[in-house]
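Numbering (the working numbering), first residue to last: 558 to 787.
One structure is given below, encoded as structure tokens.
Structure representation (structure tokens):
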């Protein structure tokens with residue numbers, strides 16, 4: 558039986574946005590007069606912690622510095638604005654195969670949703686830049702990190718997305734790029750197909766239903782079902 562819904566992760570899955578996030582963090586740190594700079598190598602390590610505020614806290618903890626929640630929230634609020642400006646400037650494109658898959662899903666009556674650690678404003682900015690329309694016009698259900706108690710690898714956002722769709726988890730498939738995302742997806746009993754992103758190559762994806770080099774390998778519902786053995 559064909560799947561009834563596709564649940565997409567955002568950062569690294571819909572688009573390779575992590576570099577835009579990294580640059581937004583660094584620009585914001587500079588604006589606040591901080592001597593923090595996240596190199597690509599360091600950022601790759603920090604991505605093991607999901608959530609921007611949580612990532613800053615982990616960074617400070619690793620340095621043995623105190624983490625002031627109010628200050629971190631202030632920095633993160635500004636970083637979200639900077640990130641939106643970078644995305645609006647054209648810094649991120651959809652990964653190959655994503656647009657074709659979403660279009661084919663619409664033709665075949667397959668519903669599309671989002672389950673992401675990032676916040677709703679970031680989802681909206683990316684949708685406007687990549688689809689030219691609000692995220693709510695593209696995705697039927699959007700479960701964002703600022704709407705749940707626990708972020709990935711906890712299953713909360715996928716549980717929320719599945720509940721919003723009103724489907725059984727087995728009727729859905731999740732698309733992810735990271736191990737944390739994979740664990741979140743499978744923790745909600747949703748089968749997951751992974752295509753590693755720039756920062757997640759070489760990770761352990763042994764729990765995935767399938768691993769593909771590029772989402773263009775599953776850019777139609779027929780191909781997607783085939784990878785799931787349906």
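Quick reminder that beta carbons are idealized off the backbone N, C-alpha and C, glycines included.
The DSSP-derived three-state label of residue 750 is strand. In the three-state reduction of the DSSP assignment, residue 629 falls in the helix class. For the beta strand (DSSP E) assignment, the uninterrupted runs of no fewer than 3 residues enclosed by the stretch 624–673 are, from N- to C-terminal side, 668–672.
Under the DSSP assignment, residue 601 falls in the alpha helix (DSSP H) whose first and last residues are 597–603. In the DSSP assignment, residue 565 falls within the unbroken beta strand (DSSP E) covering 562–565. Closest by C-alpha distance to residue 689, out of 697, 759, 651, is 651.
Residue pairing from DSSP places residue 699 in a beta bridge opposite 671. Annotated as proximal: residue 674 and residue 702, with beta-carbon spacing under 8 angstroms. The C-beta distance from residue 578 to residue 640 rounds to 6 angstroms, short enough to fall under 8 angstroms.
Burial check for residue 771: the Cβ neighbour count within 10 Å stays below 16, so the residue is exposed. According to DSSP, residue pairing for residue 767 in a beta bridge involves 750. Nearest C-alpha to residue 780 among 600, 655, 566: 655. Across the structure, residue 572 and residue 627 are spaced so that their CA atoms are roughly 30 angstroms apart. Here residue 613 is buried, its C-beta having at least 16 other C-beta atoms within 10 Å. DSSP lists 568, 651 as the beta-bridge partner residues of residue 572.
Between the beta-carbon of residue 775 and that of residue 658 there is about 7 angstroms, and that keeps the pair under the 8 angstroms contact cut.
562 is the residue among 768, 562, 769, 787 whose C-alpha sits nearest the C-alpha of residue 664. Residue pairing by DSSP places residue 730 opposite 563 in a beta bridge. Restricting attention to 747, 568, 687, the CA atom closest to the CA of residue 757 is found in 568. Distance from the CA atom of residue 610 to the CA atom of residue 633, rounded to whole angstroms, is 6 angstroms. Residue 698 and residue 716 have their alpha carbons spaced roughly 12 angstroms apart. Judged by DSSP secondary structure, residue 721 falls within the alpha helix (DSSP H) whose first and last residues are 713–722. Looking from the CA of residue 677, the closest CA among 617, 723, 714 belongs to 714. For the 8 angstroms CB-CB criterion, residue 700 and residue 684 do not form a contact.
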